[in-house]
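Written below as C-alpha cells is the structure these notes are about.
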Amino acid sequence: MMKLNKALATVALAGSVAAMSAPAMARDTISIVGSSTVYPFATVVAERFGTKTDFSTPKLESTGSGGGLKLFCQGIGTQHPDITNASRRMKTSEFELCQSNGVKDITEFRIGSDGIVIASSKEAENLDITLEQLFLALGSKVPVNGEWVANPNKNWSDVDASLPNKPIRVMGPPPTSGTRDSFNELALAAGCDELPEAADLSKDEHASICESVREDGAFIEAGENDNLIVQKLIGDEGMYGVFGYSFMEENSDRLQAATLNGKVPTAEAIAADDYPVARSLFFYVKKAHVGVVPGIQEYVSEFTSNAAMGQNGYLKDVGLIVPPRAALMDLMDKAENMPNLTLDELK
C-alpha cells in the first residue's frame, strides 16, 4: 500500500507557506478543514492537484468533523474555510448554523466508506468482543441489579470472563471528532440497545446514557491526531485504540483489529455493510467561494475523478473504500453542477 508520509509532508509545507504569504482577505490557496479520518485522503488529492495543475496546493487542517463544520459555518469570506471534511453527515443544527451566518449554498459529497476499529499492538492480546460487551466496558453508566450506575468495571474480564484479565484502557478521539460521534452511535448505543434495561429509557435518557463514554480514566482522549494513537498502541501492549479502518490498514504490519460481533473489519465487509461499525465519509463545499478562491471547482473534480476514486484509483490504493461506479458517476455530476444541500435531505 502507498504510504502517506510524503504527501502529508508536501501539503503541510505548502499550507505553512500559504499561511505566511496569503493575505487573510485575498488568498489564492484553497482552505480545507475537518475530519482527521478524511484528512489523509484529502491530502493525497491535494498533493496530486498541486502537482498536476497550475493551482497552489490546498492548505489542510485536521480539526475534527465537528470543529471543521463549526469553522466552515462561521461565514462567507476568504477568512473562512472553503471546504470541510467530515466522517459523518452534517447535522441539521450545523446546517442551520451555516444558514444563520449567511452560508446559504452548500454542496455535499459522499466520497466513500470507512469502518471504526478497536485496534492494538500485534504483541497484545487481541479482542473478540460484542458491541454489548464493549458498551459495558466503556459506557459511562451500566445497569447493575436493574439500576443505571457509574461503570464499576475495571478489567475487561469484569465484563465477561472470556475477555482479557487486564485493565480497561482505550485511547480514542475527542467529542469534536466525527469518529467519536460515529463510535458513540454505531458502537456504544448499538451495544446499549442489546441490554433489556435500555428498553425502559426515555429518548433523552437513551442519548445521555447509551452514547456517553466513561470519564474515569478508562477511556483516554487523544486529540485529533490518529497517528498519535497508533504510536501509543505500538509502545503499550495493554492499550487499545479507536480510529478509522484506513489507519489500521496503513499500519497493519504493526497493529491488529478486534473482532466485533463476530466480524473482522475488511474493505469488503465495510463496503457491504457487513461490519457493525461502518460509516460514510463526506466533504462539503461553500459555493459562494467558488470562483473567488481559485481552483475549488477543479479540486472537487479531481477528488471525484475516476483516477482518484475509481475501482483502480489512487485513493483506493491508500485505503479509501471507494463508491461503486453508479455512485461515482453521481459524484462527477455533482462536481459539475454543484446542487444545493437542503435541510430536508438531512432530516
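Here the sequence shown is numbered in UniProt numbering, starting from 1 and rising by one per residue.
Here a beta-carbon is modelled for each residue, glycine too, at the ideal position from N, C-alpha and C.
Same chain, Cβ closer than 6 angstroms to residue i, neighbours up to 5 away in sequence not counted
i, result
"Pro323", "Gly112"
"Cys192", "Phe135, Ala198 and Cys210"
"Val117", "Tyr245, Met248, Ala257 and Pro265"
"Pro173", "Thr179 and Arg180"
"Leu281", "Val38, Ser87, Ile111, Gly112 and Asp114"
"Phe72", "Pro81 and Thr84"
"Asp200", "none"
Residue range of the alpha helix (DSSP H) that includes residue i
i, result
"Tyr275", "Where Tyr275 is concerned, there is no enclosing alpha helix (DSSP H), given that its DSSP letter is neither H nor E."
"Phe135", "Leu131 to Leu138"
"Ile334", "Going by the sequence as given, residue 334 is Lys instead of Ile. Start and end: Arg325 to Asn337."
"Ala207", "Lys203 to Cys210"
"Lys316", "Tyr314 to Asp317"
"Tyr307", "Per the sequence presented here, residue 307 reads as Ala, with Tyr not at that position. Taken as a continuous stretch (DSSP letters only), the alpha helix (DSSP H) holding Ala307 covers Asn306 to Met309."
DSSP state of residue i mapped onto helix, strand, coil
i, result
"Asp158", "helix"
"Val300", "helix"
"Glu221", "strand"
"residue 359", "In the structure as shown, the chain starts at 1 and stops at 347, and residue 359 therefore has no counterpart that could be examined."
"Gly112", "strand"
"Gln231", "helix"
"Asp128", "strand"
"Leu341", "coil"
"Glu250", "helix"
"Leu320", "coil"
"Lys122", "coil"
"Glu215", "coil"
"Lys287", "helix"
"Ala24", "Only weak support is given to the placement of Ala24: the predicted model assigns it a pLDDT of 45, under 50, and the value that follows is read from those uncertain coordinates. Looking at Ala24 - three-state DSSP - the assignment turns out to be coil, as it is neither helix nor strand."
Same chain, Cβ closer than 7 angstroms to residue i, five either side skipped, listed in chain order
i, result
"Ala137", "Asn153, Trp156, Val159 and Ile168"
"Ser31", "Lys59, Pro81 and Asp82"
"Ala308", "Val45, Glu302, Tyr314 and Leu315"
"Phe55", "Phe49, Pro294, Gly295 and Glu298"
"Glu185", "Glu211"
Sequence-distant residues of its chain with Cβ nearer than 8 angstroms to residue i (five each side left out)
i, result
"Asn225", "Ser36 and Ser62"
"Glu345", "Glu108"
"Met329", "none"
"Val144", "Pro152"
N- and C-terminal bounds of the beta strand (DSSP E) containing residue i
i, result
"Lys141", "Lys141 to Val144"
"Ala257", "Leu255 to Ala257"
> Is the number of C-beta pairs between the region 28 to 44 and the region 317 to 329 that are closer than 8 angstroms three or more?
Replying inline: yes
> Are at least three pairs of beta-carbons, each pair with one atom in the region 152 to 162 and one in the region 295 to 315, less than 8 angstroms apart?
Replying inline: no
> Using 8 angstroms as the threshold, is the region 58 to 69 in touch with the region 168 to 180, meaning 3 or more CB pairs across them?
Replying inline: yes
> What beta strand (DSSP E) runs, 3 residues minimum, are completely inside the region 151 to 195?
Replying inline: 170 to 172
>> Could you tell me which whole alpha helix (DSSP H) segments of length 4 or greater appear in the region 32 to 104?
In response: 39 to 52, 65 to 72 and 92 to 100
>> Is it the case that the region 47 to 61 contacts the region 255 to 268, given that we only count it when at least three CB pairs across the two stretches are under 8 angstroms?
In response: no
>> For the region 328 to 341 against the region 100 to 116, do three or more pairs of beta-carbon atoms, one drawn from each stretch, fall closer than 8 angstroms, so that the two count as touching?
In response: yes
> Three or more C-beta pairs closer than 8 angstroms, one from the region 305 to 313 and one from the region 275 to 294: is that the case here?
Replying inline: no
>> Counting beta carbon pairs with one atom in the region 91 to 98 and one in the region 202 to 217, are three or more of them shorter than 8 angstroms?
In response: no
>> Any contact between the region 119 to 127 and the region 234 to 244? By contact I mean 3 or more CB pairs, one from each, below 8 angstroms.
In response: yes
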